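One structure below.
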Amino acid sequence: MNVYLDNAATTTARPEVIEAMLPLLAGGYNPSSQHAHGRAARGALDDARADVARVLGASPREIVFTGGGSEADGLAIIGSAKARAADGRHVVTTVFEHHAVLHAFDVLEAEGWNVTRLPVGPDGVVDPAVVAAALRPQTTLVSVMLANNEVGTIQPLAEIAALAHAAGALVHTDAVATAGYLALDLRRLDVDLLSLSAHKFNGPKGVGVLFVRRGTPLVAQIVGGGQEHGLRAGTENLAGVAGLARALVLADAERSADVARITALRDRLADGIVAAVPGTIVLGAEAPRVPHILSLGFPGLRSDALLMALDLEGVSASAGSACAAGSLEPSHVVAALGVTPEYAVGVLRFSLGRSTTASDIERAADVVGRVAGRMLTADV
Numbered sequence: 004m005n006v007y008l009d010n011a012a013t014t015t016a017r018p019e020v021i022e023a024m025l026p027l028l029a030g031g032y033n034p035s036s037q038h039a040h041g042r043a044a045r046g047a048l049d050d051a052r053a054d055v056a057r058v059l060g061a062s063p064r065e066i067v068f069t070g071g072g073s074e075a076d077g078l079a080i081i082g083s084a085k086a087r088a089a090d091g092r093h094v095v096t097t098v099f100e101h102h103a104v105l106h107a108f109d110v111l112e113a114e115g116w117n118v119t120r121l122p123v124g125p126d127g128v129v130d131p132a133v134v135a136a137a138l139r140p141q142t143t144l145v146s147v148m149l150a151n152n153e154v155g156t157i158q159p160l161a162e163i164a165a166l167a168h169a170a171g172a173l174v175h176t177d178a179v180a181t182a183g184y185l186a187l188d189l190r191r192l193d194v195d196l197l198s199l200s201a202h203k204f205n206g207p208k209g210v211g212v213l214f215v216r217r218g219t220p221l222v223a224q225i226v227g228g229g230q231e232h233g234l235r236a237g238t239e240n241l242a243g244v245a246g247l248a249r250a251l252v253l254a255d256a257e258r259s260a261d262v263a264r265i266t267a268l269r270d271r272l273a274d275g276i277v278a279a280v281p282g283t284i285v286l287g288a289e290a291p292r293v294p295h296i297l298s299l300g301f302p303g304l305r306s307d308a309l310l311m312a313l314d315l316e317g318v319s320a321s322a323g324s325a326c327a328a329g330s331l332e333p334s335h336v337v338a339a340l341g342v343t344p345e346y347a348v349g350v351l352r353f354s355l356g357r358s359t360t361a362s363d364i365e366r367a368a369d370v371v372g373r374v375a376g377r378m379l380t381a382d383v
């Protein structure tokens with residue numbers, strides 16, 4: 004029996020999503036066309052935009068469809084920084100953001116912006132006081148993810164947003180790891196820009212969302228047409244957008260039940276592995292976490308070897324560290340947490356999803372315990 008525990012990397016599109024997409028794959032037309040076919044396509048696009056806006060507590064005008072979460076992050080960060088360049092060229096983020104965010108800030112830095120990259124505590128949480136201390140009169144943007152995609156820790160975003168807004172800065176959050184697991188209440192979060200990616204919540208790949216609060220200045224990064232309120236040129240991926248909207252509506256409707264069930268399964272998996280492999284640690288265990296992400300550090304083991312051994316046993320997970328130039332380097336998230344070298348090269352992420360079952364968890368805990376135990380014995 005194969006067990007898939009890499010849902011934080013991607014999920015599969017659920018049947019209801021595929022059903023919503025099929026008519027538009029077969030007969031969808033250009034929403035910008037003025038004839039009857041185009042008007043029908045525009046209607047489907049407007050319906051999807053209204054559905055997404057309703058889930059987020061936004062207006063349809065504030066919803067921009069993109070080619071994915073990475074594009075949404077780039078548009079939010081580079082687009083807002085350039086729109087406010089005259090107000091200041093200082094921007095703030097953290098050291099353990101997704102690479103889509105980090106690389107967008109690298110682009111700004113290369114073009115002359117002053118970038119402050121804030122540390123996180125060993126619990127995987129950004130201290131709002133550290134954010135406050137970094138703010139300057141020239142700060143125009145603060146970007147802090149809502150929940151970390153490797154360890155799952157949830158950030159005090161509303162408090163951070165209040166501090167940033169008081170200093171005159173815009174606030175962006177990469178919320179890609181949270182849809183279907185946290186209530187994305189934009190009134191409570193009070194952010195100006197928020198990114199999502201459909202394939203993280205059982206929607207199609209290649210389509211995402213950027214929430215842009217009304218009045219937020221933004222410079223388009225893909226130009227060539229007036230689509231998406233002039234913020235993202237190109238004929239819309241109509242089928243993908245419809246699939247995203249359907250997946251988000253379903254994920255939001257089922258969130259309460261899924262959160263309770265998946266949290267229980269995650270904790271059962273953690274308990275089983277920690278009991279079977281003495282010395283195993285749970286990263287971010289002392290902080291609030293999203294239910295579906297479990298990051299474990301195995302003492303004295305290499306994550307690449309452990310990952311391959313698990314794959315041979317039919318358990319799919321992901322490594323919290325990556326091989327580079329022939330040497331094992333901790334991921335930037337693990338390094339940011341200050342994990343000791345004994346554990347840093349042996350971190351694995353297990354991420355659950357709506358299709359994960361109790362039998363999946365029992366098998367995974369058994370396999371991880373046996374494989375890790377065998378590898379530790381072999382190293383003695």
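Start counting at 1 in the sequence shown, then tack on 3, and there's your number in the numbering used here.
For each residue, glycine too, the CB sits at the ideal point set by N, CA and C.
Just so it is clear, the structure is predicted and the values come from calculations on it, not from any experiment.
H102 sits exposed, since fewer than 16 C-beta atoms from the chains shown fall within 10 Å of its C-beta. Runs of the alpha helix (DSSP H) lying entirely within the segment 146-180 and spanning at least 4 residues, in chain order: 160-169.
By the CB criterion at 8 Å, A320 and D9 fall inside the cutoff. Here the C-alpha atom of V133 lies approximately 37 Å from the C-alpha atom of L253.
Around the CB of T359, 16 or more other CB atoms lie within 10 Å, so the residue is classed as buried. Residue environment for E231: buried (at least 16 other C-beta atoms within 10 angstroms of its C-beta). Here the alpha carbons of R352 and L310 stand approximately 10 Å from one another. Here R373 is not bridged, per DSSP, to any residue. Beyond the five residues adjoining it in sequence on each side, E345 comes within less than 8 Å, by CB distance, of P302, G303 in the same chain, given in chain order.
Between the segment 256-269 and the segment 104-111, the count of Cβ pairs shorter than 8 Å is below three; the stretches do not touch. For I265, the enclosing alpha helix (DSSP H) covers residues 258-279. For R120, the closest alpha carbon among the candidates D126, T380, V104 is that of V104. Within the model, the alpha-carbon separation for D188 versus R57 is close to 10 Å.
Residue burial is scored here from C-beta neighbours: R377 has fewer than 16 other C-beta atoms within 10 angstroms and is therefore classed as exposed. For L213, the enclosing beta strand (DSSP E) starts and ends at 211-215. For L121, no alpha helix (DSSP H) run applies; the uninterrupted beta strand (DSSP E) run containing it begins and ends at 117-121, by DSSP.
For V370, the CB contacts under 7 Å within the same chain, skipping 5 residues up- and downstream, are L313, E316, V318 in chain order.
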